[in-house]
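J.:
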């Protein structure tokens, strides 16, 4: 069973005319998973006609504002929409401390529960599991504690002798924000689709190290070394207007490479 | 000297495919004033090419999320853009309590000062004054403490005898969110342009009272009784897809009436 990822935002911290901050909607085994929730995430979901009632799990990579400032608007609005089903949020422990006073002030009359799951971004471990989908953290190297997320899909398949077994595939890995780090290779080895941030170009390399981000060439190198099936680039610096420059830098290293652009949906 | 108001968002609490939450940029005597700051305000300003470095004063009508959830993203980003000039925020006192922990976490390294001015939404008083522009609060009737803002413009004009005097005109009044309230009439009497919320249509009247909003007919009645020059309708309920229905309801009562739509700029 194929899944999809829809890009809701793929800019970096400074919004531009064409990019909103980070957010993606992963659809795997007919379940929605929101990955990061920058400002404007709910508005973009509304514009795409996403049924937020089908969303139960939100994963936040780290607490820089461009990855989480859309949460309070989303959670408050779900309350107004009379949601009753719980919402699970997987994030660094500080998120609960930051959001709780806001939820008490703005969404105290909501009829649904918000369950925070504190994750340890330094460890590779399973943080979500159901019959068909598993989500693991991927420790990343950034200026604050950050992890990516690996979505594994398992399904029951029939063997030649008629018996059944479960086949597991690494469907999708989200790696943002991060410097170049080969430590993630064993975790994402063989992943079907890899989203790896490419904030900068090689020509801006010094800046890239300073703020602990990657270049397009580095993203492509990770994809190549991890034997990924496909690479999606994103989290573009506001300084690079022509996103094709990222593609031109990455493709000689890893050919099956595409640019994230808002509202695009990719098969995973 | 003419001014303008640019509509950055004119929806109500539930975002739709065509509307973002409330925000407006008033440009008077070549100064920017931001009125309300719903989620997505910064993104819309970026897309319109607004120079945020020219913004020094933000006025927040009340603390429902659709009027203030865009503040943290805006203020954090201004820090990243190396702003050094102070920013003044005029709002209910609770805003400072809510925003301070977020600013400490997300924007602690900013190089500019944020100065909160606690306003009393129950009183009509001057809260901002410079050589040419005065801003007064307009007490409104809503489910939480709320006030509108009256922008007065004064300029030096030459009289027939050659001497000079200051002429004051009520340029613009922002009245959102509010039930129908004739108490505001003396304050906004003779205003050049009135923005008055019209969340609902008369056919949805019961709902309008329950949640303390106005209908388009009520907005038009206020404009007519206040002898306003022009009326801008906005803060549309997500339940009304065709905004022309608001216009059709308002115009028989007050003819010089237009619909707020995002990215539109009106002279005031």
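Residue numbers (the working numbering), protein chains in the order written: chain A, 1 to 268; chain B, 1 to 268. Where a beta carbon is used, it is the ideal one built from N, C-alpha and C, also for glycine. Treat the numbers as computed from the prediction; the structure is a model and nothing was measured.
Looking only at C-alpha atoms, which of A:6, A:55, A:145 and A:107 sits nearest to residue 177 of chain A?
T.: To locate residue 177 of chain A, count along the first chain from 1; it is residue 177. For the residues A:6, A:55, A:145 and A:107, the minimum Cα distance to residue 177 of chain A belongs to A:145.
J.: Just tell me which of A:23, A:123 and A:151 has its CA closest to the CA of residue 67 of chain A.
T.: What you label residue 67 of chain A is simply residue 67 of the first chain in a count that begins at 1. With distances taken between Cα atoms, residue 67 of chain A lies closest to A:23.
J.: Residue 231 of chain B and residue 188 of chain B: beta carbons closer than 8 Å?
T.: In the second chain, residue 231 of chain B corresponds to position 231, counting from 1. In the second chain, residue 188 of chain B corresponds to position 188, counting from 1. Result no, Cβ atoms of residue 231 of chain B and residue 188 of chain B do not sit closer than 8 Å.
J.: Quick one: residues in its chain with C-beta nearer than 7 Å to the C-beta of residue 251 of chain B, no 5 flanking neighbours on either side, listed in chain order?
T.: As a first step, residue 251 of chain B is located in the second chain; it is residue number 251 there, counting from the start. 257.
J.: If you check the beta carbons only, do residue 253 of chain B and residue 5 of chain B fall under 8 Å apart?
T.: Along the second chain, one-based indexing puts residue 253 of chain B at 253. Along the second chain, one-based indexing puts residue 5 of chain B at 5. Contact: no.
J.: Under 7 Å Cβ-Cβ, which residues of chain A neighbour residue 80 of chain B?
T.: Sequence index remark: in the second chain, residue 80 of chain B carries index 80 (1-based). Within 7 Å Cβ-Cβ: 13 and 14.
J.: Rounded to a whole number of angstroms, what is the C-alpha to C-alpha distance between residue 118 of chain B and residue 90 of chain B?
T.: Reading the second chain from its first residue, position 118 is the one you call residue 118 of chain B. Reading the second chain from its first residue, position 90 is the one you call residue 90 of chain B. If I take the Cα positions, the gap works out to 6 Å.
J.: Can you tell me where the alpha helix (DSSP H) holding residue 47 of chain A begins and where it ends?
T.: The residue labelled residue 47 of chain A in the question sits at position 47 within the first chain. Note, residue 47 of chain A: alpha helix (DSSP H), 41-48.
J.: Going by Cα to Cα distance, which pick from B:87, B:203, B:212 and B:213 is closest to residue 248 of chain B?
T.: Residue numbering aside, residue 248 of chain B sits at position 248 when the second chain is read from its first letter. When only C-alpha atoms are compared, the closest one is B:203.
J.: Take residue 142 of chain B and list the residues in its own chain whose beta-carbon comes closer than 6 Å to its own, dropping the five residues that flank it on each side.
T.: By one-based count along the second chain, residue 142 of chain B stands at place 142. Correct list, in chain order: 177, 178 and 212.
J.: Taking residue 76 of chain B as the reference, which of A:199, A:13 and A:206 has the closest Cα?
T.: The sequence position of residue 76 of chain B within the second chain is 76, counting from 1. Comparing Cα positions, the closest option is A:13.
J.: To which residues does DSSP link residue 189 of chain B through a beta bridge?
T.: Locating residue 189 of chain B in the second chain gives position 189, counting from the first residue. Beta-bridge pairing links residue 189 of chain B to no other residue.
J.: As a quick exercise: from A:132, A:69 and A:109, pick the residue whose alpha carbon is nearest that of residue 156 of chain A.
T.: As a working mapping, residue 156 of chain A is identified with position 156 in the first chain. Minimum Cα distance to residue 156 of chain A is reached at A:132.
J.: To be precise: take each residue of the segment 32-60 of chain A, compare its Cβ to all Cβ atoms of chain B, and keep it if any distance is under 7 Å. Which residues remain?
T.: Listed by position, the residues of the segment 32-60 of chain A near chain B (Cβ gap below 7 Å) are 39, 40, 42, 43, 46 and 47.
J.: Go through its chain and collect everything with a Cβ distance to residue 53 of chain A's Cβ below 8 Å, but skip five positions before and after it.
T.: Indexing the first chain from 1 puts residue 53 of chain A at position 53. Once the five neighbours on either side are set aside, the close Cβ partners of residue 53 of chain A are 81, 83 and 85.
J.: Please give me, in chain order, every unbroken run of the beta strand (DSSP E) with length at least 3 that falls completely inside the segment 136-192 of chain B.
T.: Runs found: 147-158 and 164-175.
J.: Along the segment 70-95 of chain A, what residues have a CB closer than 8 Å to any CB found in chain B?
T.: Under the 8 Å Cβ criterion, the segment 70-95 of chain A contributes 70, 72, 73, 76, 77, 80, 81 and 94.
J.: At least one CB of chain A closer than 8 Å to the CB of residue 229 of chain B: is that the case?
T.: On the second chain, residue 229 of chain B is found 229 positions in, with the first residue counted as 1. No - not a single Cβ of chain A is within 8 Å of the one on residue 229 of chain B.
J.: Would residue 106 of chain A pass as an interface residue toward chain B - the criterion being a Cβ-Cβ separation below 8 Å?
T.: In the first chain, the residue the question calls residue 106 of chain A occupies position 106. It does; some Cβ of chain B falls within 8 Å.
J.: Taking the beta strand (DSSP E) that residue 117 of chain A falls in, what are its first and last residues?
T.: Counting from one through the first chain, the residue named residue 117 of chain A turns up at place 117. Segment 114-118, the beta strand (DSSP E) holding residue 117 of chain A.
J.: Could you name the residues of the same chain whose beta carbon sits closer than 6 Å to that of residue 174 of chain B, not counting the 5 residues immediately before and after it, in chain order?
T.: Sequence index remark: in the second chain, residue 174 of chain B carries index 174 (1-based). Once the five neighbours on either side are set aside, the close Cβ partners of residue 174 of chain B are 35, 148, 149 and 195.
J.: Nearest CA to the CA of residue 28 of chain B: which residue from B:152, B:139 and B:78?
T.: Position 28 of the second chain holds residue 28 of chain B. The shortest C-alpha separation from residue 28 of chain B is found at B:152.
J.: Nearest-angstrom Cα distance between residue 59 of chain B and residue 42 of chain B?
T.: The residue given as residue 59 of chain B occupies position 59 in the second chain. The residue given as residue 42 of chain B occupies position 42 in the second chain. Near 15 Å, if we compare the C-alpha coordinates of residue 42 of chain B and residue 59 of chain B.
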